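In what follows, a structure is listed as structure tokens, so that the remarks can point back to it.
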Amino acid sequence: MGGSIILRRGIEMPLGYQRRRSIEVAVFAGFLTFVGIGNASIIPTLTSGPVADGPNWDFNYTASLQQDERLDPMNTDGVTCPSMGVPIQCNPTGTFFTLYDVGSPSTFISASSPTGWGQTEQVSGITPSTINATFDSAGLLNVTFFYTGPIVTTGGSVLPITGFQIVTTIDGVFEEGWYSGQATKDVGEDAGLTDQFDGHVPVPLAPSLGGVPEPGTFLILGSGLLAIALAWRLKVRS
């Protein structure tokens, strides 16, 4: 009839369910693209990594400047920021993008950037004022790459910028990481205005995002299981 598929552990699911799930995943991916990427001015992507670097691991990124944007740190002054209505004041100033929760102070090693860029690490921010950074975990480091060079335009096509790197002691990847940033609109009625954005990007796995539990965690877990076992034995005897 409609047929079925066998999943792991012997669970049988109808083919119709499989098709619905495929559609749901495709719609969700499209939604993320529209919200997190479609509105972005600088889109960072993880192009390679983790790559072994002695005892550490390298994560290499490319930042794609969109065709309607420009790198213009002097004019990205935060005074005129596009909104749903008239331009509003926004902050901070400058052209930059931030990768969030790339590691803890004990797992993060360093960050580097290409010519014309610099970088800084901080626990909170740096986040554009119109972005609600509820995804920024307290206690984990964020890396901000900021542009300090001359004006760069794209010539009407996406401009990939390579050479952004993060080095950590952990070789895992967190696929649902976040970025935010700002650049300057280069075309249209918003040309010259500060443009703020955010979206998803894979980042180095941080301990609190699924890393290996500390020995103390195993001890607490083991103690809890032991207490449950003892309580069960007492109940059986009674």
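The opening position of the sequence shown corresponds to residue 2 in my numbering, with each subsequent residue numbered one higher.
The C-beta atom is built at its ideal place from N, Cα and C for all residues, glycine as well.
None of these values were measured; they are calculated from a predicted model.
Leaving aside the five residues that flank Val202 on each side, the residues in its chain whose CB is nearer than 6 Å to its CB run, in chain order, Pro45, Gly178, Tyr180. For Ile132 and Gln197, the gap between their C-alpha atoms comes out near 8 Å. Boundaries of the beta strand (DSSP E) around Pro51: 43-54. By the CB criterion at 8 Å, Trp58 and Thr145 fall outside the cutoff.
Ranking Ile171, Leu141, Pro151 by CA distance to the CA of Thr77 puts Pro151 first. Shown here for Gly117: same chain residues with a beta carbon closer than 7 Å to its own, the five before and five after excluded, namely Tyr148, Thr149, Gly150 in chain order. Pro205 carries a strand assignment under DSSP once its states are collapsed to helix, strand and coil. For Asp73, no beta strand (DSSP E) encloses it, and the DSSP letter there is neither H nor E.
Judged by DSSP in its simplified three-state form, Glu122 adopts strand.
Under the DSSP assignment, Leu160 falls in the beta strand (DSSP E) whose first and last residues are 160-169. Relative to Gly140, the option among Ile110, Ile127, Ser130, Pro106 whose CA is nearest is Pro106.
In this structure, DSSP gives Gln197 an extended state, which the three-state scheme calls strand. One alpha carbon belongs to Pro51, the other to Ile162, and they sit about 19 Å apart. According to DSSP, residue pairing for Ala112 in a beta bridge involves Ile167.
In chain order, Asn61, Thr63 place their CB closer than 6 Å to the CB of Thr48, counting only its own chain and leaving out the 5 sequence neighbours on each side.
By the neighbour-count definition (other C-beta atoms within 10 Å, threshold 16), Thr135 is an exposed residue.
Distance check between Gln67 and each of Ser130, Thr155, Pro56 places Thr155 closest, using alpha-carbon atoms only.
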